Structure formats: C-alpha cells, structure tokens
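Colleague:
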Amino acid sequence: MTSIISEFVTSGSGVIIGKEGSTYYVLSAAHIFRNQNDYQVAVRSKEAAGGVEIVQLEIIRLYPNEDLAVVKFASIKQYQVAEVGEVSQLKNNTQVYVAGLPGRENREGFQFTPAQVTK
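Next comes the structure, spelled out in structure tokens:
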C-alpha cells in the first residue's frame, strides 16, 4: 500500500484509490486540509523506484461531515492502487478498520482502529 504523508504544516496519511493516466486519486481525512491552501506531500512506496517523491496535491472534494477528502496528484512513477469494494455490499453494523499514520508526532507508527458501518 502506498501512503501519502504531509511533511509540511499539516500531517496525515491517505491511500491511493484510483489512477487515470499519470493522475492518482487519494482518499484521506478532510481535517488535514482545513488550514492551508497549498499542499505538498511526500509520496512513499516500496514499489516505486527512487524513494520519496514530493508532489503537489489538488483537492477534488471534501466531505467534512464524514471527515473524508478526495485529492489528486500527478506522477510518472508507478504507484500501487488499493482495491476498492462496492458500498452497496456494506451492511449495517459490519466491522471495518480505519488505518493510517495520525499526526506529525505519531511515534507508534501505522495504526488500525476498528469501527462499525452505520447507514
């Protein structure tokens, strides 16, 4: 999985959920994008050659009530895209997991948090 980690004012993570040509689409937390206008991130991936790549992000859509954001970036490097399921297959009270690298001062590393689907 490729992680997107801000190295600048706000910190967080995200997952690549789509690709069209050289444009990648990322799902992340909306609160990361509340206090800035210009976003740069360090894209880290075990699969992509050359280590860390610094790219500009463009916000596509914010879902503040759900604390979700869809953003995009362009790169000629090849990054892995996560497999995304169909929302129609989710059932109420199904257990899911939220994963990421919360906050700049996160010393515990990648965290998994259980949650339940509610409709």
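Residues in the sequence shown are numbered from 4 upward in steps of one, following the numbering used here. Each residue gets a CB set at the ideal place from its N, CA and C atoms; glycine is no exception. What you are looking at is a predicted structure, and each value in this text was computed from that prediction instead of being measured.
Looking at the strands, I want to know which residues DSSP matches up with I57.
Modeller: Position 54 of the sequence shown, counting from 1, holds the residue named residue 57. Beta-bridge pairing links I57 to A45.
Colleague: So, under 8 Å CB-CB, A72 and I57 are touching, yes? Tell me the CB distance rounded to an integer number of Å.
Modeller: Counted from its first residue, the sequence shown places residue 72 at position 69. Counted from its first residue, the sequence shown places residue 57 at position 54. In fact, because the Cβ distance is near 19 Å, the residues do not count as touching under 8 Å.
Colleague: Which whole-angstrom value describes the C-beta separation of E61 and K75, a residue pair presumed to lie in contact below a C-beta threshold of 8 Å?
Modeller: Mapped onto the sequence shown, residue 61 falls at position 58. Mapped onto the sequence shown, residue 75 falls at position 72. About 5 Å; that satisfies the 8 Å criterion.
Colleague: Measure the alpha-carbon distance for V55 versus I63 and round it to whole angstroms.
Modeller: Start at 1 with the first residue of the sequence shown, and residue 55 comes out as number 52. Start at 1 with the first residue of the sequence shown, and residue 63 comes out as number 60. Spanning the two alpha carbons is a distance of roughly 23 Å.
Colleague: Quick check on A118: does DSSP put it in helix, strand or coil?
Modeller: As a position in the sequence shown, residue 118 is number 115, starting the count at 1. Note: A118 maps to strand in three-state DSSP.
Colleague: In three-state terms, what does DSSP make of A32?
Modeller: Position 29 of the sequence shown, counting from 1, holds the residue named residue 32. Three-state DSSP puts A32 in coil, outside helix and strand.
Colleague: Helix or strand or just coil, what does DSSP make of Q98?
Modeller: Sequence index remark: in the sequence shown, residue 98 carries index 95 (1-based). Correct three-state label for Q98: strand.
Colleague: Got a sec? Which residues, its chain only, sit under 7 Å from I79 by beta carbon, not counting five neighbours each side?
Modeller: Along the sequence shown, one-based indexing puts residue 79 at 76. Counting only Cβ-Cβ distances below 7 Å, and skipping sequence neighbours, we find S25.
Colleague: Look at the alpha carbon of E23 and the alpha carbon of V84, and state the distance between them as a whole number of angstroms.
Modeller: As a position in the sequence shown, residue 23 is number 20, starting the count at 1. As a position in the sequence shown, residue 84 is number 81, starting the count at 1. Straight-line Cα distance between these residues: approximately 11 Å.
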